[in-house]
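Colleague: To start, I am sharing the structure in question, which I have written as C-alpha cells.
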Amino acid sequence: MALDDCPSRLEMLSVIVFLVATVLVPLGFEIFYRFYFHPLKNIPGPWLAALNDLYGFYHNVVGAGYSKRLERMHRYHSSPVIRIGPNHVHINRPNSFDEPLSGLQSMAERLERNIGTGEVVNIERMFRTLTAGMVLHLVFPQDV
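Residue numbers for the sequence shown follow our numbering, so the first one is 17 and each next one is one higher.
Structure below.
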C-alpha cells in the first residue's frame, strides 16, 4: 500500500465535519424545536419523552411496562394530561371526553341543515375547531 493511498488528515477532517453537519446539526435543531416551539411544549411530562419515543420503548422493554408508570407520572406532575412522547399525550380522566364531544353533535346538526342547500361547508375547519375545543377543555378544565 503506497503512502499516497492513505487518506490525509484534511480528508478525514472533511468527512467528520460532513457527518457532524448532516447528522448532529439537524438533530440539534429538532431537539430545540421540541422543547421551545412544539405545540405540546407546555404539557407536563418527562423531558426525555419530549425528545423521542425511545423513552416509552425503554420502559416497555427494560422496565415493568410503560402503561404501569402512567398513573405515577400523572401524580408526579399533578396533571390529568401528560406528554408521553414527542407527539403524544395521555389523559387520565376519561369522563372528561363527554362534554367536549357535545360539539360533535352540533357539528352534525349543522351538516344536516346544509344537506341539499348547495352551501359549501368547510369540514376541515369544523374538525379543527372541534379538536381545538376538546384539547383546550382537557388542558384547562376550569372556566376562565
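Note that beta-carbon positions come from the ideal geometry of N, C-alpha and C, so glycine has one too.
(1) Taking the beta carbon of residue 160 as the centre, do at least 16 other beta carbons fall within 10 Å, making it buried, or is it exposed?
(2) Using the Cβ count rule (16 or more neighbours within 10 Å means buried), how would you classify residue 99?
(3) Thinking residue 69 and residue 102 are a contact (beta carbons under 8 Å), I'd like their distance in whole angstroms, please.
(4) Which value, in whole angstroms, describes the spacing of the CA atoms of residue 17 and residue 40?
(5) Considering residue 107, what are the terminal residues of the beta strand (DSSP E) in which it resides?
(6) Under 7 Å, do residue 142 and residue 123 count as touching if we go by C-beta distance?
(7) Is it true that the stretch 83–98 meets the stretch 129–149, where meeting means three or more beta-carbon pairs spaced less than 8 Å apart?
(8) Tell me whether the beta-carbon of residue 106 lies closer than 7 Å to the beta-carbon of residue 86.
(9) Is any heavy atom in the ligand ZN found nearer than 6 Å to the beta carbon of residue 126?
(10) Where does the unbroken beta strand (DSSP E) through residue 97 begin, and where does it stop?
Modeller: If we stick to the structure as given:
(1) Annotation note: pLDDT 42 at residue 160 (below 50); position unreliable, no value reported.
(2) buried
(3) 7 Å
(4) With a pLDDT of 49 at residue 17, under the threshold of 50, the modelled position of this residue cannot be trusted; read the value that follows with caution. The straight-line gap from Cα to Cα measures roughly 34 Å.
(5) 104–107
(6) yes
(7) no
(8) yes
(9) Ligands displayed in this structure: none; no statement on the ligand ZN is therefore possible.
(10) 97–101
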